[in-house]
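Here it is in C-alpha cells:
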C-alpha cells in the first residue's frame, strides 16, 4: 500500500471500530498528536486514546474532503463525525500523517478544542 | 506558477508585508476561512483581515513544516509566527488552499483559537 492508501485503510478500520486492524497499520513508536490536547506516544497510548472515543461513539463517520500525499507525508481535510444516541458531534479537522515502511509513525490532527467542547456540552 | 508555487509566493508576500503582491495572487472571489473564527469572502474582506494582523506585527515569519499539492489543492502544516515588540506569537496551523487559473480561490486555516488567545493574553 502507498502512504495514501495506508492512511485511508487506517481511517476505515477506526470507522469500523476494528482497532486490531487499525493498529496493525501503526508503527510501535507512532506519535498521535491532538494538537490542542495531549500527545500519545507509542502504539499502546495511541490505542488507549482511540478506545476512549470509539467507546463513546455508537457510529463513526469521517468525511474526507481532500487528501494529498507526497513522499512519506499525507495530509487530509476532514469532518470527523461521532454519533452518540441521536446526536452527532462534527469536528472540522486537518490532519498530517507520516507513513514509513508501510506503517503510520505520525498522526497529528489540527482542530479547535473550544468548538469541540461546545458541541460536547450541547452549546455548539 | 504551479498551485504549490503560487501558495509559496503568496505566503512570502505576506511575510514581506507586501499585500499588493499577495493580493495579486488571490482571485476576486477568494474565500479566506479561519475555521474557529470568521470567514472573509472576497478579495476586499480578505485584504482587510490580512491588514489587521500585518498591522499588529513588526515581523512575520511563517515556518512551513510540510507542503503537499495535488491538482488544484495545496495543503501545508505551518508554525505562523508574529512578532510584536520582543514577543513572538507562534500559532500551529494546518492550511488548505485551492488555486485555480493561477489564483488562490480558497485559503482555510485550522488552528486552536483558545491556544492563540492564551498566547495573546500572555498566559500561553
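Residue numbers (the working numbering), protein chains in the order written: chain S, 878 to 1001; chain B, 878 to 1001.
Virtual Cβ for every residue (Gly too), placed ideally from N, Cα, C.
Everything numeric in this text was worked out from a predicted model, so none of it was measured.
- Under the three-state reduction of DSSP output, residue 988 (chain S) falls in the coil class, being neither helix nor strand.
- Residue 888 (chain B) and residue 963 (chain S) have their C-alpha atoms some 43 Å from each other.
- Residue 884 (chain B) and residue 966 (chain B) have their C-alpha atoms spaced approximately 22 Å apart.
- Of all alpha-carbon atoms in S:955, S:974, S:923, the one lying nearest the alpha-carbon of residue 954 (chain B) is that of S:974.
- Of the residues S:982, S:997, S:995, S:891, the one whose Cα lies closest to the Cα of residue 936 (chain S) is S:891.
- Ranked by Cα distance from residue 903 (chain S), the first of S:991, S:983, S:990, S:988 is S:983.
- Closest by C-alpha distance to residue 908 (chain S), out of S:977, S:932, S:897, S:995, is S:977.
- Membership of residue 932 (chain S) in any beta strand (DSSP E) is not indicated; the residue belongs instead to the alpha helix (DSSP H) covering 920-932.
- Each residue's CA atom was taken as its position, placing residue 956 (chain S) and residue 886 (chain B) some 29 Å apart.
- Not flagged as an interface residue toward chain B: residue 981 (chain S), since no C-beta distance is shorter than 8 Å.
- Put simply, the backbone Cα of residue 893 (chain S) is about 11 Å away from that of residue 939 (chain S).
- Bounds of any alpha helix (DSSP H) do not take in residue 947 (chain B); it lies within the beta strand (DSSP E) bounded by 936-947.
- Taking CB atoms only, residue 901 (chain S) has no neighbour in chain B less than 8 Å away.
- Using a Cβ-Cβ cut-off of 8 Å, residue 988 (chain B) counts as an interface residue toward chain S, since at least one Cβ of chain S sits closer than that to its own.
- Using a CB distance below 8 Å, the part of the stretch 881-913 of chain S facing chain B consists of 912, 913, ordered along the chain.
- When DSSP reads this structure, residue 957 (chain B) sits in a beta bridge with B:939, B:968.
- With 16 or more other Cβ atoms from the protein chains shown falling within 10 Å of its own Cβ, residue 923 (chain B) counts as buried.
- One thing to note: residue 945 (chain S) has its Cβ within 8 Å of the Cβ of residue 952 (chain S).
- C-alpha of residue 971 (chain S) to C-alpha of residue 988 (chain B): approximately 9 Å in a straight line.
- Classified as exposed, residue 960 (chain B) has fewer than 16 neighbouring CB atoms from the shown chains inside 10 Å of its CB.
- Nearest C-alpha to residue 910 (chain B) among B:927, B:896, B:899: B:927.
- For residue 999 (chain S) and residue 934 (chain S), the gap between their C-alpha atoms comes out near 16 Å.
- Here the C-alpha atom of residue 979 (chain S) lies approximately 21 Å from the C-alpha atom of residue 943 (chain S).
- Boundaries of the alpha helix (DSSP H) around residue 881 (chain S): 880-892.
- Of all residues in the stretch 951-970 of chain B, the ones placed with a Cβ closer than 9 Å to any Cβ belonging to chain S are 951, 952, 953, 954, 969, 970, in chain order.
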